[in-house]
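A.B. asks: I'd like to ask some things about the structure below.
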Amino acid sequence: IACILAIFFTAFTWNREKKNDQVAVQPEYKNEINAPSSNKAILSLDDGRKIYLDSVGNGVLISQDNVNIEKLADGRLAYKAQSGGHASVYNTLNNPRGSKVIDITLADGSRVWLNNESSVRFPLAFGSDERRVIITGEAYFEVAKDTRRKFVVESNGTTTEVLGTHFNVNAYPDNNITTTLIEGSVQVKKGAEQLILRPGQQSIITGSSIQLVSNADVEDAVAWKNGLIVFDHTDIRTIFKLIERWYDVEVVVNGQLDVPKGIGELPRSMNLSDVLKVLELNHKLSFKVEGKKVIVLP
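In the numbering used here, the protein residues as written are 1465 to 1762.
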């Protein structure tokens, strides 16, 4: 009898410990959402054709009006113009939510990085008077120097004019339009208002007025291009917008949030659950993930 009881007790204890271990290793969220691992950008040609960059190989994708459009080994796009490229033929590059940052070299040698949920419209080859592109969302520019032709960026009724410089434009519809200068000089215009920026300065456009920030946090402004999620002095709803665009999710807030601005930075390669855990620890928030929906619990 004693032996039978000992065997029963041992089996019961082992099963209970096994169940506890299984509970302990269960993930905190029902499903994991990884950081973007591929580029899902879409190139729309002037004739209506679309090229999905995640489904084409490297090399020359198409030749159009004496311009070769190439996908390079590192995923970048490059426009290589021969003689006679047409400035009247336009292409548009769209980078959707849940896609890696895309880098494109335009026909004049200027480079443009596109953040998530952003686009740039540009000619195959620039004309002799100016170089003009139109963006939505956020883009970082390294403009090739050309003293004969200014480079003009249009975004939501605002223009930024340069000859050759490095700068970032954030023009998401739900934000103020912010231009941050890293190198060179730019002129920002909005209606009758205009402002010249020097390196380290930033312009913030609200309505029709332009505000100058003399000592801007340049590293924060371009963190997305450098693969970082930065929480420094960023309000929580702005962080949620960033999470929505990067992980292609919807953040639902139940009730009012009264939390301090964040501090620190995280690599964009982190899975969503790890980012949420950091927010839970630093902001005392709770989350529930259901499919593509992140619910902020009261």
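Don't be surprised by glycine CBs; every beta carbon is placed ideally from N, CA and C. Note that the coordinates shown come from a computational prediction; the quantities given were computed from them, not determined experimentally.
Mind checking who P1731 pairs with in its DSSP beta bridge?
C.D. replies: In the sequence shown, counting from the first residue as 1, residue 1731 sits at position 267. According to DSSP, P1731 bridges with L1692.
A.B. asks: Have a look at A1505 and P1663 and give me their C-alpha separation to the nearest angstrom.
C.D. replies: Counted from its first residue, the sequence shown places residue 1505 at position 41. Counted from its first residue, the sequence shown places residue 1663 at position 199. Going by the C-alpha atoms only, they are around 31 angstroms apart.
A.B. asks: Going by the DSSP bridge assignment, what does A1687 pair with across the sheet?
C.D. replies: In the sequence shown, residue 1687 corresponds to position 223, counting from 1. Answer by DSSP bridge pairing: none, since A1687 is not bridged.
A.B. asks: Between the C-alpha atoms of T1611 and L1627, what's the straight-line distance to the nearest angstrom?
C.D. replies: Taking the first residue of the sequence shown as 1, we reach residue 1611 at position 147. Taking the first residue of the sequence shown as 1, we reach residue 1627 at position 163. Cα-Cα distance, rounded: 6 angstroms.
A.B. asks: Looking at C-alpha atoms only, which residue of K1544, N1555, D1738 and R1540 is the closest neighbour of G1512?
C.D. replies: In the sequence shown, the residue the question calls residue 1512 occupies position 48. Among K1544, N1555, D1738 and R1540, the Cα nearest to that of G1512 belongs to N1555.
A.B. asks: Considering only the alpha carbon of each residue, which of I1599, S1592, A1687 and A1635 lies closest to S1667?
C.D. replies: Numbered from 1 along the sequence shown, position 203 holds the residue referred to as residue 1667. Comparing Cα positions, the closest option is A1635.
A.B. asks: Per DSSP, what kind of secondary structure is H1697 in: helix, strand or coil?
C.D. replies: As a working mapping, residue 1697 is identified with position 233 in the sequence shown. In this structure, H1697 counts as coil in the three-state DSSP scheme.
A.B. asks: Let me make sure I understand the geometry here. Which of S1501, P1500, N1503 and T1569 has the alpha-carbon closest to that of I1451?
C.D. replies: Nothing can be reported for residue 1451: it is not among the residues displayed for the chain, which extend from 1465 to 1762.
A.B. asks: Name, in chain order, the residues that DSSP records as bridge partners for I1703.
C.D. replies: Looking up residue 1703 in the sequence shown gives position 239. Answer is none; I1703 lacks a bridge partner.
A.B. asks: DSSP on L1509, reduced to helix/strand/coil?
C.D. replies: As a working mapping, residue 1509 is identified with position 45 in the sequence shown. Looking at L1509 - three-state DSSP - the assignment turns out to be coil, as it is neither helix nor strand.
A.B. asks: Within this structure, are the beta carbons of D1599 and V1616 separated by less than 8 angstroms?
C.D. replies: Position 135 of the sequence shown, counted from the first residue, corresponds to residue 1599. Position 152 of the sequence shown, counted from the first residue, corresponds to residue 1616. According to the sequence provided, residue 1599 is Ile. The question's Asp does not apply to it. No, Cβ-Cβ distance for I1599 and V1616 is not below 8 angstroms.
A.B. asks: Would you mind sorting L1745 into buried or exposed? The rule is 16 or more other CB atoms within 10 Å of its CB.
C.D. replies: Here residue 1745 is taken as the residue at index 281 of the sequence shown, counted from 1. Label assigned to L1745: exposed.
A.B. asks: In terms of residues, what are the limits of the alpha helix (DSSP H) holding D1738?
C.D. replies: The residue labelled residue 1738 in the question sits at position 274 within the sequence shown. Secondary structure note for D1738: its alpha helix (DSSP H) is the uninterrupted segment L1736 to H1747.
A.B. asks: Return the bridge partner residues of P1587 from the DSSP annotation.
C.D. replies: The residue given as residue 1587 occupies position 123 in the sequence shown. Partner(s): Y1554.
A.B. asks: Can you list the beta strand (DSSP E) stretches of 3 or more residues lying completely in the segment 1619-1668, in chain order?
C.D. replies: 1622-1626, 1630-1635, 1641-1647, 1650-1654 and 1657-1661
A.B. asks: What's the gap between the Cα of V1694 and the Cα of A1680?
C.D. replies: In the sequence shown, counting from the first residue as 1, residue 1694 sits at position 230. In the sequence shown, counting from the first residue as 1, residue 1680 sits at position 216. Roughly 15 angstroms between the two C-alpha positions.
A.B. asks: Kindly list the residues whose CB is nearer than 6 angstroms to the CB of T1702, restricted to its own chain and excluding five residues on each side of it in sequence; keep chain order.
C.D. replies: The residue given as residue 1702 occupies position 238 in the sequence shown. For T1702, where only same-chain residues beyond five positions count, there are no Cβ hits under 6 angstroms.
A.B. asks: Going by DSSP, what residues sit across from N1532 in a beta bridge?
C.D. replies: Taking the sequence shown and counting its residues from 1, one reaches residue 1532 at position 68. The partner list for N1532 (beta bridge, DSSP) reads S1527 and K1544.
A.B. asks: Residues bridged to V1616 by DSSP?
C.D. replies: As a working note, residue 1616 is residue 152 in the sequence shown. Answer is R1596 and E1625.
A.B. asks: Give the DSSP bridge partners of I1515, in chain order.
C.D. replies: Sequence index remark: in the sequence shown, residue 1515 carries index 51 (1-based). I1515 is bridged to L1507.
A.B. asks: Where DSSP assigns a beta bridge to T1569, which residues make up the other side?
C.D. replies: Along the sequence shown, one-based indexing puts residue 1569 at 105. Answer is A1542 and R1575.
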